[in-house]
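In our numbering, the protein residues as written are 2 to 299.
Below is one structure, written out as structure tokens, with a few remarks after it.
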């Protein structure tokens with residue numbers, strides 16, 4: 002039973018005329034008759050009784066009439082909703098982003114996306130880096146924003162920018178130089194994120210390569226808590242530069258960090274197959290998200 006056959010039946014049932022039904026559907030009489038016959042054959046019996054002067058419905062045809070109206074209304078509604086999705090006039094999209102990106106750079110990109118596609122609703126999952134990758138891999142979300150994974154497997158990683166770590170110090174700290182070395186920074190109590198945070202892992206990995214220990218005095222699950230603890234004078238920290246404005250808003254100060262300079266790639270993680278809406282958001286992210294300009298933020 003096809004939509005074309007149901008439309009043919011409905012036109013005849015409503016007009017009780019093959020001639021008028023042909024005019025409504027812009028079909029020839031043979032094509033209309035063939036559609037009706039195909040529907041009757043598929044269902045196993047007569048739906049219409051046709052004579053030289055009239056057309057009337059069989060009892061089975063009478064019972065099919067309201068069902069055909071309902072089915073075709075659903076069909077038309079589904080067709081229209083899918084058309085709206087393909088033209089980005091309707092849709093819903095789920096995104097996972099690590100907290101350092103979600104609360105600093107993602108909102109600005111979503112503003113630009115919303116201006117272009119106001120009918121697409123977006124759910125943002127603010128989760129740790131590892132969970133971003135897991136959510137993309139399990140197809141809970143279409144787009145993830147995270148640090149470059151160690152192995153992508155079936156996933157695709159699209160780089161956005163290279164992000165450098167900066168020092169975070171209390172506003173009254175004497176460490177207000179134009180830049181700091183890790184040796185100088187780590188003379189104070191160090192505050193960082195708890196494991197399995199990727200920020201923590203990156204710092205330990207890169208410093209470990211230089212035989213530098215990371216003596217952690219305080220740790221927290223949230224970057225906002227780390228920033229407030231530094232602002233209150235409990236110690237110092239180091240975060241990706243995309244977090245500078247967040248740290249400053251919490252009352253801490255940020256200083257360029259070197260000896261060694263530590264950087265990490267931030268990008269978009271996706272499956273190979275994406276919806277039209279996900280393609281559009283990925284394009285907006287690639288075009289609008291750039292590495293923070295350190296000269297402007299310090």
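Each residue gets a CB set at the ideal place from its N, CA and C atoms; glycine is no exception.
Computed from a predicted model, the values in this text were never measured in an experiment.
Proximity winner among the options, relative to residue i (alpha-carbon distances)
i           : options               : result
residue 136 : 284, 122 and 272      : 272
residue 4   : 145, 195, 18 and 68   : 68
residue 243 : 213, 109 and 216      : 109
residue 182 : 166, 63, 267 and 125  : 166
residue 92  : 101, 63 and 79        : 79
residue 173 : 232, 31 and 15        : 232
residue 255 : 290, 175 and 194      : 175
residue 208 : 259, 245 and 179      : 259
residue 194 : 164, 170, 239 and 156 : 239
residue 87  : 288, 278, 142 and 205 : 278
residue 118 : 126, 94, 125 and 138  : 94
residue 185 : 216, 77 and 62        : 216
residue 53  : 17, 75 and 38         : 17
residue 290 : 163, 76 and 226       : 163
residue 210 : 261, 169 and 225      : 261
residue 169 : 214, 230 and 116      : 230
residue 192 : 214, 221 and 213      : 221
residue 14  : 25, 57, 24 and 2      : 57
residue 226 : 147, 288, 42 and 250  : 250
residue 214 : 50, 223, 122 and 187  : 187
residue 224 : 281, 212 and 245      : 245
residue 126 : 76, 142, 115 and 111  : 142
Extent of the continuous alpha helix (DSSP H) to which residue i belongs
i           : result
residue 163 : Per DSSP, residue 163 belongs to no alpha helix (DSSP H); it is in the beta strand (DSSP E), 157 to 170.
residue 238 : Taken as a continuous stretch (DSSP letters only), residue 238 belongs to no alpha helix (DSSP H), being part of the beta strand (DSSP E) at 238 to 241.
residue 32  : 30 to 44
residue 226 : 224 to 232
residue 193 : Element bounds for residue 193: not the alpha helix (DSSP H) but the beta strand (DSSP E), 191 to 194.
residue 115 : 107 to 117
residue 217 : Premise fails: residue 217 lies in the beta strand (DSSP E), 217 to 221, not in any alpha helix (DSSP H).
residue 248 : 245 to 250
residue 235 : Run containing residue 235: none; DSSP gives neither H nor E here.
residue 280 : 277 to 289
residue 175 : Unbroken run through residue 175: none, as it is neither H nor E.
Endpoints, the beta strand (DSSP E) within which residue i is located
i           : result
residue 124 : 121 to 127
residue 17  : Here residue 17 belongs to no beta strand (DSSP E), and DSSP marks it neither H nor E.
residue 89  : Where residue 89 is concerned, there is no enclosing beta strand (DSSP E), given that its DSSP letter is neither H nor E.
residue 266 : 264 to 271
residue 146 : 144 to 148
residue 130 : Premise fails: residue 130 lies in the alpha helix (DSSP H), 130 to 138, not in any beta strand (DSSP E).
residue 258 : 254 to 259
residue 58  : 56 to 58
residue 202 : That residue, residue 202, is in no beta strand (DSSP E); its alpha helix (DSSP H) goes 199 to 210.
residue 186 : Run containing residue 186: none in the beta strand (DSSP E); it sits in the alpha helix (DSSP H), 183 to 186.
residue 50  : 49 to 51
Cβ pair residue i, residue j closer than 9 Å
i           : j           : result
residue 133 : residue 263 : no
residue 190 : residue 236 : yes
residue 48  : residue 59  : yes
residue 228 : residue 248 : yes
residue 30  : residue 19  : yes
residue 113 : residue 90  : no
residue 150 : residue 158 : yes
residue 268 : residue 161 : yes
residue 1   : residue 97  : Beyond the ends of the chain as shown, which are 2 and 299, falls residue 1; an answer cannot be given.
residue 283 : residue 275 : yes
residue 179 : residue 257 : yes
residue 33  : residue 22  : yes
residue 64  : residue 2   : no
beta-carbon residue i near the ligand MG non-hydrogen atom, thresh 8 Å
i           : result
residue 239 : With respect to small molecules bound, the structure shown includes none, and the ligand MG cannot be examined in it.
Practice item. Say whether the stretch 96 to 114 touches the stretch 67 to 84, bearing in mind that this needs 3 or more beta-carbon pairs closer than 8 Å, one atom from each stretch. Key: Contact between the stretch 96 to 114 and the stretch 67 to 84 is absent, with fewer than three C-beta pairs closer than 8 Å.
Check your understanding: Pairing CB atoms from the stretch 8 to 24 with CB atoms from the stretch 60 to 74, are three or more of them under 8 Å?
Key -> Note that the stretch 8 to 24 touches the stretch 60 to 74; at least 3 beta-carbon pairs, one per stretch, sit closer than 8 Å.
Review point. Is it a yes or a no for the stretch 191 to 201 touching the stretch 117 to 130, going by three-plus beta-carbon pairs under 8 Å?
Key: The answer is yes - the stretch 117 to 130 touches the stretch 191 to 201, with three or more Cβ pairs under 8 Å.
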